[in-house]
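*Asks:*
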Amino acid sequence: MTAGWTQLAPRDAQMYWLTERIGNDQYLLYCFDGAHGTPESLRRLVARRSALIPDLCVKLREVPRNLDYPYWVPRPFGPDQIVEHQLPDSDWSGFTAAMGELLTDELDARSTPWRLHMFRDVAGAPWCESGVGSIAVLQISHALADGRQASTIARALFGSQDPPVPTVRRAPSRLPDGVLVARGLGRLPLRVAMTFVRGVQAFRAQREIERLTSAGELPAPTVGQQLTKVNSRPGPTRVVRMIVLPAAELRSSEVTVTIMVLTAISSALAEYLTGHGGTVDRLGAELPVASHPRANVKNNFRNVGVDLFPDEPDVVTRAQRIAAALAERRSRADNPLFAAQSRVGSVLAAPMLRHEVANYPFDGIPPTVSGNTVVSSVFRGAGDLELDGGTVRFTAGFPSLSPVMGLTHGIHGIGDTVTVTITTSPDVMPDVDDYEALLRRSIADVVGVFDERARGTRPSTEGVAMAATGEAELQELTASKGLVFAQSGTDEQPIYQLWEQFPQETVQAVGKVILSNATLSEAIRVARDYTKPAS
Numbered sequence: 001m002t003a004g005w006t007q008l009a010p011r012d013a014q015m016y017w018l019t020e021r022i023g024n025d026q027y028l029l030y031c032f033d034g035a036h037g038t039p040e041s042l043r044r045l046v047a048r049r050s051a052l053i054p055d056l057c058v059k060l061r062e063v064p065r066n067l068d069y070p071y072w073v074p075r076p077f078g079p080d081q082i083v084e085h086q087l088p089d090s091d092w093s094g095f096t097a098a099m100g101e102l103l104t105d106e107l108d109a110r111s112t113p114w115r116l117h118m119f120r121d122v123a124g125a126p127w128c129e130s131g132v133g134s135i136a137v138l139q140i141s142h143a144l145a146d147g148r149q150a151s152t153i154a155r156a157l158f159g160s161q162d163p164p165v166p167t168v169r170r171a172p173s174r175l176p177d178g179v180l181v182a183r184g185l186g187r188l189p190l191r192v193a194m195t196f197v198r199g200v201q202a203f204r205a206q207r208e209i210e211r212l213t214s215a216g217e218l219p220a221p222t223v224g225q226q227l228t229k230v231n232s233r234p235g236p237t238r239v240v241r242m243i244v245l246p247a248a249e250l251r252s253s254e255v256t257v258t259i260m261v262l263t264a265i266s267s268a269l270a271e272y273l274t275g276h277g278g279t280v281d282r283l284g285a286e287l288p289v290a291s292h293p294r295a296n297v298k299n300n301f302r303n304v305g306v307d308l309f310p311d312e313p314d315v316v317t318r319a320q321r322i323a324a325a326l327a328e329r330r331s332r333a334d335n336p337l338f339a340a341q342s343r344v345g346s347v348l349a350a351p352m353l354r355h356e357v358a359n360y361p362f363d364g365i366p367p368t369v370s371g372n373t374v375v376s377s378v379f380r381g382a383g384d385l386e387l388d389g390g391t392v393r394f395t396a397g398f399p400s401l402s403p404v405m406g407l408t409h410g411i412h413g414i415g416d417t418v419t420v421t422i423t424t425s426p427d428v429m430p431d432v433d434d435y436e437a438l439l440r441r442s443i444a445d446v447v448g449v450f451d452e453r454a455r456g457t458r459p460s461t462e463g464v465a466m467a468a469t470g471e472a473e474l475q476e477l478t479a480s481k482g483l484v485f486a487q488s489g490t491d492e493q494p495i496y497q498l499w500e501q502f503p504q505e506t507v508q509a510v511g512k513v514i515l516s517n518a519t520l521s522e523a524i525r526v527a528r529d530y531t532k533p534a535s
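This is how it looks when you write it as C-alpha cells:
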C-alpha cells in the first residue's frame, strides 16, 4: 500500500540535516468537541487511515557517510506513532504548558517522520460547547512536508471519509549499503559538473538582478532589521499561548486576515519592546510564502522579510503599507531570475550540502535579521474534520524558534475560527502573559478600526495620547484583580467595558460584565471600587 523507495530532494534533505542543529518539526494542533472514542478506537482509525496515506507509510534511510541523499523507505504503522498523554492538570492552562514541553521533543525520521499526540478531556478548551475538548497534535518532520502539505496530510487523516486507495507500486527488496554507496559515488561527477554549470548561470542571473534593481524594474532587497530583546537565544524551554478568534472578526474587504494580524503584531510587539526599555524605530516579520511546486520536492516555500511600520500611527495606513510591502517582497522573490539561483542547490552533491549544514555558524550573532519575529500563516480548509465522533473547532501551529529568533507567531484558520499563536521561551519573554494581553488588545483595536470603516466612518488617531495616562491606570487596576477592559467607539468619544474574567474564545469578553458603555473616568472609578478590600 506504499510507494517504493524515494530519494529525498536536496531541499528536503537539508531540512532533515537541520534538525541536528535547530529543531524544525511541525506541530499541527486540532481541537475536537464532542469526541467520545477510546485509545483503542483511535489506534484502529489511525492504522487504517495512515495505510492509505503514502507519506505516512515511510521512514528515512541514510546513505553511509552521506555520500548520497537519504531515501524514504516503507515502514508499517506501529504503536510508537500514537502517544496518549495524561495531563497532571487537565484544564486549558495545563494543556498549554504540556504543549510547550512537547515542542522540545524532536522526531528521529529514521524511526518515524510523524507521530500523533492525543490529549483527552481538556477542560475549558476554547470554542467547545461541551466544556471539554479532545486535542490531537500531529507532529511531522519538515523533511516530509512543508506547511501546506502537512495540512493536506492532516486533512486526509481526520477527514469524514477514508482517503482514496493510492496507486500501489511494488517496493524493491532491501538494498544493501554497498549499493547505496555505489549509486552515490557514481552520481558525484555529474552533480559536480552540473553544480559548476548552474553556478555560472546563477552568477549571470545575479548580475541581471542587480541591473534590474538599479534600473528600478525590480524591487530593491529589504534592509535588515536591528536585533531586539526577542532576537536572542531561546534556551531549551518553550512556552505557548493561543488566541482563538471568530474568523468573521478578522475578515475585511480591504485586507487579508494575515495583514490584519500582522498589523496587530506590529503594535503589540512595539509596545512590549518599548516597555522593556527598547527603542523601536523599525520592526519586521519574516514570513514563509508558498513557491511554485517542484516535482519530488516536499518543501516548496521561501522566506521573505516584511516591514511592519510600527511608527505609522494610522492603523489603516499601516495595514495598507504592510500589504504593499508583502506584495513587493513576493514580486521580487517570484522573478524567474531567482529560480536560476535555487537550481544550483537542486544539483549540489550530497556531501557538499551536508558539510554546509554541519558547519553553518548558527551560533554567531548577525548584525541584522530579516525579521524580528517569524509569522507563519496557513488556512487549513473547511471545518468538516472529525475524530472519535467529535467535530473540529479550531486549529493551531507553532513556528519553531532559532538562535536569533526567540518569538514566533502562527496564524492558522479552519472553518469559522482563526487561531493566533505565540511561541517563545522564558529566557526571552518571561512575561509572556503580558505580551498575550497586549496582542489580544491590539487585535481588538485593529478589528475595531476596520469595523468602523465598514460602517462608513473612519476613526481618527488624534487624541490617543490624551487618554494614555488614564488607560495606563485602568490597565494596572484591572490587571491586579484579573479584570479585563476593552475600548470601543471612536478616539474622540471612546467607551469602555469591564469584565470579571479574560476571555479565551474571542477578543470580546464572555465573563460577567461589570460595566459597559462607560467613559474612561467612570471605568477607572468602578475598577478602583472593585479592587478595594471588602469592608
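FYI, the numbering for the sequence shown is 1 to 535, going by full-length UniProt numbering.
All C-beta atoms, glycine included, are put in the ideal place defined by N, C-alpha and C.
Values in this document were obtained by computation on a predicted structure and should not be read as measured data.
#1: Of the choices Thr373, Gly23 and Thr112, whose alpha-carbon is the least far from that of Arg282?
#2: For Arg65, which option in Thr213, Ser342, Tyr272 and Arg354 has the closest C-alpha, if you only look at C-alpha atoms?
#3: Mind reading off the beta-carbon distance from Arg49 to Leu157? Whole number of angstroms is fine, and I expect it under 8 Å.
#4: So, are the CB atoms of Ala35 and Asp451 less than 7 Å apart?
#5: Assuming Gln26 contacts Ile140 (C-beta within less than 8 Å), just tell me the rounded distance between them.
#6: Looking at Thr419 and Val244, is the spacing between their C-beta atoms short of 7 Å?
#7: For Val404, which residues of its own chain have a beta-carbon under 8 Å away from its beta-carbon, when the five flanking residues on both sides are left out?
#8: What are the boundary residues of the beta strand (DSSP E) that includes His355?
#9: Pull the bridge partners of Glu40 from the DSSP assignment, please.
#10: Kindly indicate which residue of Ala444, Val239, Leu438 and Phe301 has the alpha-carbon position closest to the one of Gln475.
#11: With C-beta atoms as the reference, is Pro70 less than 7 Å away from Ala13?
#12: Please state whether DSSP places Tyr69 in a helix, a strand or coil.
#13: To which residues of the same chain is Glu129 closer than 7 Å at the C-beta, ignoring the five residues directly before and after it?
#14: Beta-carbon separation of Val306 and Thr424 under 7 Å?
#15: Expressed to the nearest angstrom, what Euclidean distance is found between the alpha-carbon atoms of Gly131 and Leu87?
#16: Identify, in the order they occur along the chain, each residue of the same chain with its Cβ nearer than 6 Å to the Cβ of Pro166, setting aside the five sequence neighbours on each side.
#17: So, with DSSP's three-state summary, where would you put Thr461?
#18: Among all the DSSP beta bridges, which residues are the ones paired with His412?
#19: Have a look at the DSSP bridge pairing and note the partners of Met405.
#20: In the structure shown, what three-state DSSP assignment does Met429 receive?
#21: My understanding is that Arg380 touches Gly413, with C-beta atoms under 8 Å, so please give their C-beta distance in whole angstroms.
#22: Closest to Glu101 by C-alpha separation, out of Leu483, Pro426 and Gly448, would be which residue?
#23: Quick one: measure Cβ to Cβ for Glu286 and Gly371, integer angstroms, because I've assumed they're closer than 8 Å.
#24: For a test of the three-state rule: what should DSSP assign to Gln139, helix, strand or coil?
#25: For Asp80, count the other beta carbons within 10 Å of its own beta carbon; 16 or more makes it buried, fewer makes it exposed. Which is it?
#26: In chain order, what residues of the same chain lie with their CB nearer than 7 Å to the CB of Ala527, ignoring the 5 residues before and after it?
#27: What are the residues that DSSP puts in a beta bridge with Cys57?
#28: Leu28 lies in the beta strand (DSSP E); which residues open and close that run?
#29: Taking the alpha-carbon of Gly159 as reference, which of Leu385, Asp445, Leu269 and Glu210 has the nearest alpha-carbon?
#30: To the nearest angstrom, how far is the alpha carbon of Leu273 from that of Ser442?
#31: Give the DSSP-derived three-state secondary structure of Arg75 in the structure shown.
#32: Should Arg75 and Lys59 be called a contact, given that it needs their Cβ atoms to be closer than 7 Å?
#33: Taking only the alpha-carbon atoms, compute the straight-line gap between Asp146 and Leu212 and give it to the nearest angstrom.
#34: Which whole runs of the alpha helix (DSSP H) in the segment 223 to 296 are 4 residues long or more, in chain order?
#35: For Leu116, report the span of its alpha helix (DSSP H) as first-last.
#36: Taking the beta strand (DSSP E) that Ala396 belongs to, which residues open and close that run?
*Replies:* Reading from the atomic positions:
#1: Counted from its first residue, the sequence shown places residue 282 at position 282. Ranking Thr373, Gly23 and Thr112 by Cα distance to Arg282 puts Thr373 first.
#2: In the sequence shown, the residue the question calls residue 65 occupies position 65. Cα-wise, what sits closest to Arg65 is Arg354.
#3: On the sequence shown, position 49 is the one that residue 49 refers to. On the sequence shown, position 157 is the one that residue 157 refers to. Between Leu157 and Arg49 the Cβ distance is about 5 Å, and since that is below 8 Å, they are a contact.
#4: Numbered from its first residue, the sequence shown carries residue 35 at position 35. Numbered from its first residue, the sequence shown carries residue 451 at position 451. In this structure, Asp451 does not lie closer than 7 Å to Ala35 by Cβ.
#5: On the sequence shown, position 26 is the one that residue 26 refers to. On the sequence shown, position 140 is the one that residue 140 refers to. Taking a contact as a CB-CB distance under 8 Å, the pair Gln26 and Ile140 counts as one, their CB atoms being some 5 Å apart.
#6: Residue numbering aside, residue 244 sits at position 244 when the sequence shown is read from its first letter. Residue numbering aside, residue 419 sits at position 419 when the sequence shown is read from its first letter. In this structure, Thr419 lies closer than 7 Å to Val244 by Cβ.
#7: Counting from 1 along the sequence shown, the entry for residue 404 is found at position 404. These residues qualify, in order along the chain: Leu227, Asn231, Ser232, Arg233, Ile365, Pro366 and Val369.
#8: Position 355 of the sequence shown, counting from 1, holds the residue named residue 355. Looking at the DSSP string, His355 is not in any beta strand (DSSP E); the run it does join, the alpha helix (DSSP H), is Ala350 to Asn359.
#9: Position 40 of the sequence shown, counted from the start, is the residue given in the question as residue 40. Bridge partners of Glu40 according to DSSP: none are assigned.
#10: As a working note, residue 475 is residue 475 in the sequence shown. Answer by Cα proximity: Leu438.
#11: For the purposes of this step, residue 70 is identified with residue 70 of the sequence shown, where counting begins at 1. For the purposes of this step, residue 13 is identified with residue 13 of the sequence shown, where counting begins at 1. Closer than 7 Å, so yes.
#12: Reading the sequence shown from its first residue, position 69 is the one you call residue 69. The three-state reading of DSSP puts Tyr69 in coil, since its state is none of H, G, I, E or B.
#13: Here residue 129 refers to the residue found at position 129 of the sequence shown. Non-local C-beta neighbours of Glu129 in its own chain, meaning closer than 7 Å and more than five positions away in sequence, comprise Asp33, ordered along the chain.
#14: For the purposes of this step, residue 306 is identified with residue 306 of the sequence shown, where counting begins at 1. For the purposes of this step, residue 424 is identified with residue 424 of the sequence shown, where counting begins at 1. Not closer than 7 Å, so no.
#15: Taking the first residue of the sequence shown as position 1, residue 131 is located at position 131. Taking the first residue of the sequence shown as position 1, residue 87 is located at position 87. Approximately 17 Å, taken between the alpha carbons.
#16: On the sequence shown, residue 166 is found 166 positions in, with the first residue counted as 1. Within the same chain, Pro166 has close Cβ partners Pro54.
#17: The residue given as residue 461 occupies position 461 in the sequence shown. Caution is warranted here: a pLDDT of 43 is assigned to Thr461, below 50, making its placement in the model unreliable, and no coordinate value can be reported.
#18: For the purposes of this step, residue 412 is taken as residue 412 along the sequence shown, with counting starting at 1. According to DSSP, which records beta bridges pairwise, His412 is partnered with Val378 and Thr419.
#19: The sequence position of residue 405 within the sequence shown is 405, counting from 1. Ser402.
#20: For the purposes of this step, residue 429 is identified with residue 429 of the sequence shown, where counting begins at 1. Met429 falls in the coil class under three-state DSSP.
#21: Indexing the sequence shown from 1 puts residue 380 at position 380. Indexing the sequence shown from 1 puts residue 413 at position 413. Rounded, the Cβ-Cβ distance is 7 Å, consistent with contact.
#22: Counting from one through the sequence shown, the residue named residue 101 turns up at place 101. The option with the nearest alpha carbon to Glu101 is Pro426.
#23: Counted from its first residue, the sequence shown places residue 286 at position 286. Counted from its first residue, the sequence shown places residue 371 at position 371. At roughly 3 Å, the Cβ-Cβ gap stays under 8 Å, so Glu286 and Gly371 are in contact.
#24: Numbered from its first residue, the sequence shown carries residue 139 at position 139. Reduced to three states, the DSSP call for Gln139 is strand.
#25: Here the question's residue 80 lines up with position 80 in the sequence shown. Per the 10 Å Cβ criterion, exposed.
#26: Position 527 of the sequence shown, counted from the start, is the residue given in the question as residue 527. Cβ within range, chain order: Leu474, Leu477, Thr478, Leu483 and Leu498.
#27: For the purposes of this step, residue 57 is taken as the residue at position 57 of the sequence shown. Bridge partners of Cys57: none, in fact.
#28: Locating residue 28 in the sequence shown gives position 28, where the first residue counts as 1. For Leu28, the uninterrupted beta strand (DSSP E) run begins and ends at Gln26 to Asp33, by DSSP.
#29: Counting from 1 along the sequence shown, the entry for residue 159 is found at position 159. Answer by Cα proximity: Leu385.
#30: For this step, residue 273 is matched to residue 273 along the sequence shown. For this step, residue 442 is matched to residue 442 along the sequence shown. Between the alpha carbons of Leu273 and Ser442 lies a distance of about 14 Å.
#31: For the purposes of this step, residue 75 is taken as the residue at position 75 of the sequence shown. In this structure, DSSP gives Arg75 a state outside helix and strand, which the three-state scheme calls coil.
#32: Taking the sequence shown and counting its residues from 1, the one referred to as residue 75 is at position 75. Taking the sequence shown and counting its residues from 1, the one referred to as residue 59 is at position 59. It is a contact, given that the beta carbons lie within the stated cut-off.
#33: As a position in the sequence shown, residue 146 is number 146, starting the count at 1. As a position in the sequence shown, residue 212 is number 212, starting the count at 1. Whole-angstrom Cα-Cα distance: 31 Å.
#34: Fully enclosed alpha helix (DSSP H) runs of 4 or longer: 247 to 250 and 257 to 275.
#35: For the purposes of this step, residue 116 is taken as the residue at position 116 of the sequence shown. Where Leu116 is concerned, there is no enclosing alpha helix (DSSP H), although the beta strand (DSSP E) it sits in stretches over Trp114 to Ala123.
#36: On the sequence shown, position 396 is the one that residue 396 refers to. Annotation for Ala396: the continuous beta strand (DSSP E) segment containing it runs Gly390 to Ala396.
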